[in-house]
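This report concerns only the one structure given below.
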Amino acid sequence: MEINLIIGLEEQPAEHQFGQPIAVRTDVEGNIYVADRASKYIKVFDQDSNYLRSLGGRGRGPGEFQDMEFMEWTPDGDLVLMDRGNMLYTVITTKGEFVESFPYNFSNQFYPTQINYVNNSEMVALFLSGSNRSDIPMFERDLFHKYSSDFQNSNYSFAPFNRLQLRNSHAWVEMMTAPGSFSLSSNYEELFYSPGIYYGSLYRYIKEDEKWIFNQEIHGIKPTVTPNEAYTSAEAYEANRNLPGASMWYYGSDGPHVGRILSLDLGIFRLNNGKLVHFWGERIENEDFRIDSDSEYHYLNIFAQIFNEKGEIEHYGLLDSLKEPLHHRSMGSMVNWKDKDDHFYMIEQTVDAVPVIRRFTLEIED
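For what it's worth, our numbering labels the leading residue of the sequence shown as 1183, then goes sequentially.
Structure below.
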């Protein structure tokens, strides 16, 4: 792992600082777009991290935002963002000009965490519905949905949750907020999915007769930690609340849902040579930590694995070990984007509460 650019360091100018970056994208010229949920701006830098301009801003007018939950390129080369505050999906140009917006369709409670357009009229979206109005049992709900490009109509859904090796309600609720990541092939004929809780398996879907069909469970490296631990009571959570990955959720009538997530997806991408690269993280306890102390961090070990076109592992290894702030939760994948030159962009929240964007490449030995 060779880091070749960092944006957001304390010693950098104010326009390089972020509050809560949630997405990174690059254009064909190498310019870098960072959506900052705290400021409601999209900050734009050139490929050498020189600040160029800011798009958006807080407000209710055209091209302004009250919230940001994902950012993606449209087929026309514009940016679309989900704005739960204004209850809109808003499209702007790379200069910040308003293009169009689409209202939330409250009838279907559709709030995707990642989308990818397959043509000008349709997209594939990752979203595990927590709607109490759904008649579908929670473990039978689908993770993927083919939607119209205006976010209004669902054509069909696929990839049921119960295909995964996750069987407790805490894991389900965690996956509702962080369901993982996916990558489409350049011809839109293959989809590779990594669950948000990584336990050693990835999933390949292929398109047949305009439908996505399960094709293969890809066996990756198994994590060295237990991916998910479920507790039976709020008291158990309180006794372990400052251990790595602990969380408590209130959902439905049978909560709270408590446990720990120790192995998590960090992003999945197709390399320019056609191979698949997957990143995952393992939370490791700080050796100096005491359950009754004020320690502010544990460790997150970051791994990568590379698969050939048959789904066989060719390379894997530990990339880095970072200090992860206690109870930190990311919006979207930590390794958030890969550009046309196989540079990766990682969103890191430091212990000092200074979020940074790191650009890196993988050093692969033959």
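Ideal Cβ placement from N, Cα and C applies to all residues, glycine included. Here the structure is a predicted model, which means the values were calculated and not measured.
For residue i and residue j, what's the separation of their Cα atoms in angstroms?
i	j	result
Asp-1228	Arg-1315	46 Å
Ser-1367	Phe-1451	9 Å
Leu-1384	Ser-1365	11 Å
Tyr-1380	Glu-1282	37 Å
Ile-1185	Glu-1193	18 Å
Pro-1294	Phe-1309	5 Å
Tyr-1233	His-1198	7 Å
Ile-1554	Tyr-1299	Any answer about residue 1554 is impossible in this case: the structure gives the chain only from 1183 up to 1548.
Lys-1222	Lys-1492	42 Å
Leu-1263	Met-1253	5 Å
Asp-1447	Gly-1499	15 Å
Asp-1260	Ala-1307	18 Å
Val-1440	Gly-1378	17 Å
Glu-1371	Arg-1423	43 Å
Leu-1504	Gln-1202	18 Å
Ile-1400	Arg-1386	7 Å
Ser-1236	Gly-1278	8 Å
Met-1528	Gln-1347	27 Å
Ile-1189	Ile-1214	10 Å
Gly-1402	Ser-1429	26 Å
Asp-1502	Ala-1486	10 Å
Gly-1362	Val-1210	26 Å
Gln-1296	Ala-1418	33 Å
Phe-1340	Gln-1291	17 Å
Leu-1187	Pro-1195	15 Å
Thr-1276	Gln-1334	24 Å
Asp-1162	Asp-1524	With the chain covering 1183 to 1548 only, the question about residue 1162 has no answer from this structure.
Ile-1224	Glu-1478	29 Å
Asp-1391	Asn-1369	15 Å
Leu-1325	Gly-1437	22 Å
Trp-1255	Arg-1207	8 Å
Arg-1373	Gln-1398	Position check: residue 1373 holds Leu in this sequence, whereas Arg was assumed. Straight-line Cα distance between these residues: approximately 11 Å.
Could you tell me if residue i is buried or exposed, where buried requires 16 or more neighbouring beta carbons within 10 angstroms of its beta carbon?
i	result
Thr-1272	buried
Asn-1454	exposed
Asn-1410	buried
Val-1226	buried
His-1460	buried
Thr-1543	exposed
Phe-1288	exposed
Asp-1534	exposed
Pro-1319	exposed
Gly-1514	buried
Pro-1285	exposed
Gly-1241	exposed
Asp-1218	buried
Ser-1331	buried
Ile-1546	exposed
Met-1269	exposed
Ala-1205	buried
Ser-1349	For clarity, residue 1349 is Arg in the given sequence; the question names Ser instead. With fewer than 16 Cβ atoms within 10 Å of its Cβ, Arg-1349 is classed as exposed.
Take residue i and list the residues in its own chain whose beta-carbon comes closer than 7 Å to its own, dropping the five residues that flank it on each side.
i	result
Asp-1258	none
Ile-1466	Pro-1426, His-1480, Tyr-1481, Asn-1483
Phe-1280	Pro-1244, Gly-1245, Ile-1274
Gln-1531	Pro-1507, His-1510, Pro-1537
Ile-1395	Tyr-1387, Ile-1388
Asn-1468	Ser-1477, Tyr-1479, His-1480, Tyr-1481
Which partner residues does residue i have in the DSSP bridge list?
i	result
His-1327	Ala-1307, Ser-1339
Met-1513	Looking at the DSSP assignment, Met-1513 forms no beta bridge with any residue, so it has no partner.
Trp-1354	DSSP lists no partner for Trp-1354.
Lys-1160	Nothing about residue 1160 can be read from this structure; the chain reaches only from 1183 to 1548.
Met-1528	Val-1517, Arg-1540
Phe-1247	Arg-1240
Pro-1285	Leu-1270
Leu-1187	Arg-1541
Met-1264	Tyr-1271
Gly-1449	Phe-1461
For residue i, which residues from the same chain have a beta carbon less than 8 Å from its beta carbon, with the 5 sequence-adjacent residues on both sides left out?
i	result
Tyr-1338	His-1327, Lys-1328, Lys-1393
Glu-1322	Pro-1342, Phe-1343, Asn-1344
Ser-1415	Val-1440
Ala-1220	Phe-1200, Gly-1201, Gln-1202
Glu-1304	Lys-1328, Tyr-1329, Ser-1330, Ser-1331, Asn-1337
Leu-1191	His-1198, Val-1536, Val-1538
Please determine whether the Cβ atom of residue i lies at a distance below 8 Å from any heavy atom of the ligand NAD.
i	result
Ser-1311	Absence of the ligand NAD is noted for the structure shown, with no ligands found whatsoever.
Sorted by chain position, which residues of the same chain lie with C-beta nearer than 6 Å to residue i's C-beta, five sequence neighbours on each side aside?
i	result
Ile-1488	Lys-1457, Val-1459, Glu-1496, His-1497
Phe-1247	Lys-1222, Gly-1238, Asp-1265
Phe-1526	Val-1517, Lys-1520, Phe-1542
Gly-1312	Met-1358
Ser-1445	Tyr-1380, Pro-1405, Val-1407, Pro-1409, Glu-1464
Gly-1212	Gln-1229
Ser-1351	His-1439
Asp-1249	Asp-1265, Arg-1266, Gly-1267
Could one say the Cβ of residue i lies closer than 9 Å to chain C's Cβ atoms, at least one of them?
i	result
Asn-1455	Note that chain C does not occur in the displayed structure, where there is just one protein chain.
Between the region 1537 to 1544 and the region 1504 to 1512, are three or more C-beta pairs nearer than 8 Å? In short, these stretches do not touch, since the Cβ pair count stays below three.
Say whether the region 1428 to 1443 touches the region 1348 to 1366, bearing in mind that this needs 3 or more beta-carbon pairs closer than 8 Å, one atom from each stretch. The region 1428 to 1443, when compared against the region 1348 to 1366, does touch it at the 8 Å Cβ threshold.
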